[in-house]
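2 protein chains.
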Amino acid sequence: MINRLVDKIKETSAPVVVGLDPMLGYVPEHIKNEAYAQKGENLEGAAEAIWEFNKAIVDATYDLIPAVKPQIAMYEQFGIPGMIAFKKTVDYCKEKGLVVIGDIKRGDIGSTSEAYAVGHLGKVAVGSNSFYGFDEDFVTVNPYLGSDGVKPFIKVCNEEKKGIFVLVKTSNPSSGEFQDRLIDGKPLYEYVGEMVDKWGQETMGDSYSYVGAVVGATYPKMGEILRKVMPKAYILVPGYGAQGGKAADLAPYFNEDGLGAIVNSSRGIIAAYKQDKYAKFGPECFADASRQAVIDMIEDLRSNIKVLN
Amino acid sequence: MINRLVDKIKETSAPVVVGLDPMLGYVPEHIKNEAYAQKGENLEGAAEAIWEFNKAIVDATYDLIPAVKPQIAMYEQFGIPGMIAFKKTVDYCKEKGLVVIGDIKRGDIGSTSEAYAVGHLGKVAVGSNSFYGFDEDFVTVNPYLGSDGVKPFIKVCNEEKKGIFVLVKTSNPSSGEFQDRLIDGKPLYEYVGEMVDKWGQETMGDSYSYVGAVVGATYPKMGEILRKVMPKAYILVPGYGAQGGKAADLAPYFNEDGLGAIVNSSRGIIAAYKQDKYAKFGPECFADASRQAVIDMIEDLRSNIKVLN
């Protein structure tokens with residue numbers, strides 16, 4: 005799947021992932037009203053609204069981008085109906101040829117991580133058959149429990165030819181509280197980065213590993229160091245745009261082959277119609293606003309990051 | 005809810021939580037066969053089997069124990085049908101008067117943690133109404149992203165009078181890989197413990213905080229230190245029994261009031277009938293074996309931990 009992701013990035017010339025994190029506040033009134041009329045002003049109605057919202061955005065952008073990253077929390081908050089909308093979104097995006105990165109940030113002790121890995125990337129055995137649960141292409145993984153929390157994911161990645169992105173340095177303001185703590189003069193995130201590199205060596209695709217890393221756009225100096233620590237890890241970069249990360253700062257996340265990083269934008273794309281810049285589209289044409297925002301983001305990355313040209 | 009947990013622990017004289025982590029391999033054949041006959045040998049059938057298995061164990065043990073801890077991964081691996089079984093389990097345990105600790109180990113950047121908190125502990129707004137998604141009483145939270153990943157959970161805990169257990173030192177063999185790293189001579193888990201104490205001060209129940217901690221039974225010396233670092237945090241202790249933690253080692257996790265810790269056992273209880281010790285019950289009476297295993301666990305804790313008598 006890492007090979008497929010790299011191919012799709014080359015094909016689209018767009019190291020971009022659209023974060024499908026549909027807060028209900030982003031969904032235009034006409035979509036919500038229709039969903040509530042159909043399913044009720046309840047969890048089912050909310051789930052229907054975010055699904056219709058996602059579908060329109062995917063339809064308007066899938067030809068421009070290699071991948072999407074649905075954030076499962078935004079679905080999970082609506083209980084079972086929300087989880088159904090998550091699954092529908094994953095399936096639909098795959099139908100449209102997109103690589104799907106499930107932003108699930110799971111991680112637990114060995115046997116439990118195995119269940120997550122099986123449920124999100126692999127197949128679970130039931131009697132003499134086996135079945136996919138959620139069936140994303142990649143998932144994000146939290147490393148706090150160490151190797152035996154991560155390796156079950158890698159095992160399933162090998163079986164299924166799928167991948168993970170391990171949280172190394174997250175984009176949020178307080179990520180440094182624990183991640184930046186110095187251990188013998190070296191920050192914790194760098195130790196995690198070294199482990200990502202080590203884990204990744206056992207699971208190489210053609211040019212990059214099945215084991216990638218999350219490094220926030222908001223910490224470009226750390227991105228520069230981590231690029232060197234994990235040369236074969238694809239870096240998933242959240243925090244561009246709405247969270248403050250700028251294209252000009254992202255050059256060090258890429259390798260000289262113009263590859264090695266994929267930049268996520270969520271709010272900046274899916275709620276583009278709410279920005280002054282795209283207000284002309286109006287809520288009715290929110291998906292066209294998202295398309296324009298994707299085009300502008302690709303242009304922003306290409307014009308600021310030399311290695312992409 | 006922390007007050008209710010403490011009351012229930014006093015009432016049962018049992019600082020015990022039963023981990024409802026139903027691997028399909030633990031479910032007796034007759035339960036699986038009936039479920040597959042009814043729903044098919046597929047995800048729905050598997051979900052039905054684990055739900056019936058849980059229900060029987062809860063029915064056989066709820067009068068002895070204060071709380072249960074369903075591990076969501078074991079449900080999530082069966083996709084949507086599994087999530088429905090999780091929700092049914094949570095609801096049923098609450099009907100039986102049990103405190104429900106959702107072992108979800110979630111944690112993300114602020115706005116995303118808020119969605120998890122709302123979905124698992126609070127209510128999500130849809131139009132002019134609001135709805136509970138999964139509605140556990142407590143959840144476990146991963147601290148790797150720092151304060152702004154944890155505080156949204158605390159906000160919802162304050163609104164709903166519910167609680168969290170933050171992962172501090174986990175029970176698995178490789179937990180030390182990052183958690184034990186020394187920072188100015190002090191291990192990372194101790195820094196996390198200090199933050200748990202700090203976060204907890206803003207959210208006190210009568211005698212303990214809404215903010216508890218996870219500290220594995222397999223590391224009793226660290227448990228002793230962490231007990232002092234976080235005097236007002238209830239400690240959820242996984243790793244007893246099957247993972248190797250012994251009752252005699254758990255005294256330091258408790259305070260002098262005989263409270264302050266609650267010990268989890270999953271496999272040792274729910275799959276008791278598979279142990280030689282309880283083989284006489286046979287698969288047909290697996291739930292009775294679980295009841296006996298709970299009685300024995302309570303006795304083991306009481307006879308080894310002075311403060312409980």
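Read top to bottom, the protein sequences are chains G and B.
Residues in the first sequence are numbered consecutively from 5, following the numbering used here.
Residues in the second sequence are numbered consecutively from 5, following the numbering used here.
Backbone N, C-alpha and C fix where the C-beta goes; we use that ideal spot for every residue, glycine too.
Quantities reported herein were computed from a predicted structural model and do not represent experimental measurements.
In chain G, which residues lie less than 8 Å from Arg47/B when you measure between Cβ atoms? Checking the displayed sequence, the identity of residue 47/B turns out to be Leu instead of Arg. Neighbours of Leu47/B on chain G, chain order: Val128, Val130, Phe135 and Gly137.
Leaving out five residues on either side along the sequence, give the residues of the same chain with a beta carbon under 6 Å from the beta carbon of Tyr244/B. Ala221, Val267 and Ser269
Neighbourhood of Trp203/B by C-beta, 7 Å cutoff - its chain only, sequence neighbours within 5 removed: Val154, Ile158 and Val215
Please state if the CB of Tyr193/G and the CB of Lys225/G are separated by a distance shorter than 7 Å. no
Within chain G, partners of Ile113/B - CB distance below 7 Å: Correct list: Thr174, Ser175 and Asn176.
With respect to the beta strand (DSSP E) encompassing Ile266/B, which residues constitute its N-terminal and C-terminal limits? Ala265 to Ser269
Can you name, in chain order, every residue of its own chain whose Cβ lies under 7 Å from the Cβ of Gly83/B, other than the five neighbours on each side? Listed in chain order, the non-local C-beta contacts of Gly83/B below 7 Å within the same chain comprise Leu47, local neighbours out to five positions each way being set aside.
Contained alpha helix (DSSP H) runs [length at least 4] in the stretch 136 to 169 of chain B, N- to C-terminal order: 151 to 164
Examine chain B for any beta-carbon lying closer than 7 Å to the beta-carbon of Val22/G, and answer yes or no. False, the Cβ-Cβ gap to chain B never drops below 7 Å.
Partner residues on chain B for Pro147/G, Cβ-Cβ distance less than 9 Å: Tyr148, Glu181 and Phe182
Grab me the residues of Glu33/G's own chain with a C-beta within less than 8 Å of its C-beta, minus the 5 sequence neighbours each way, in chain order. Pro287
Say whether chain G places a C-beta atom closer than 7 Å to the C-beta of Tyr96/B. no
With three or more beta-carbon pairs closer than 8 Å as the criterion, would you say the stretch 120 to 132 of chain B touches the stretch 178 to 195 of chain B? The stretch 120 to 132 of chain B is not in contact with the stretch 178 to 195 of chain B.
I'd like the span of the alpha helix (DSSP H) that includes Pro224/B, first residue to last. Pro224 to Val233
Could you spell out where the beta strand (DSSP E) holding Val22/G opens and where it closes? Val20 to Val22
Give me the chain B residues within the contact set of Gln279/G, using Cβ-Cβ distance strictly less than 9 Å, ordered along the chain. Near Gln279/G there are no residues of chain B at all, since even the closest Cβ is about 17 Å away, more than 9 Å.
Could you tell me which residues DSSP puts in a beta bridge with Leu240/B? Val218/B and Ile266/B
Given a threshold of 16 other Cβ atoms within 10 Å of its Cβ, counted over all protein chains shown, does Asp261/G qualify as buried or as exposed? Burial call: exposed.
Using a Cβ-Cβ cut-off of 7 Å, state whether Gln81/B counts as contacting chain G. yes
For the alpha helix (DSSP H) containing Asp201/G, name the first residue and the last one. Leu192 to Gln205
Could you spell out where the beta strand (DSSP E) holding Ile309/B opens and where it closes? That residue, Ile309/B, is in no beta strand (DSSP E); it is neither H nor E in DSSP.
I want to verify the contact list: residues of chain B whose CB lies under 7 Å from the CB of Ala50/G, in sequence order. Val130
Opposing strand residues paired with Met208/G [DSSP bridges]: Ser213/G
Identify, in the order they occur along the chain, each residue of the same chain with its Cβ nearer than 7 Å to the Cβ of Lys91/B, setting aside the five sequence neighbours on each side. Phe138
To the nearest angstrom, how far is the alpha carbon of Gly227/G from that of Glu118/B? 27 Å
Taking 7 Å as the threshold (C-beta atoms), are Lys12/B and Val103/B in contact? yes
Bridge partners of Ala71/G, per DSSP? DSSP output for Ala71/G lists Val21/G and Val103/G as bridge partner(s).
If you measure from the beta carbon of Tyr244/B to each beta carbon in chain G, is any gap under 7 Å? no
Distance, Val218/G Cα to Pro242/G Cα: 7 Å
Going along the chain, which residues of the stretch 207 to 229 of chain B sit with their C-beta nearer than 7 Å to a C-beta in chain G? none
Own chain partners of Ile239/G with C-beta closer than 6 Å, once the 5 adjacent residues on each side are dropped: Ala217, Val219, Tyr257 and Ala265
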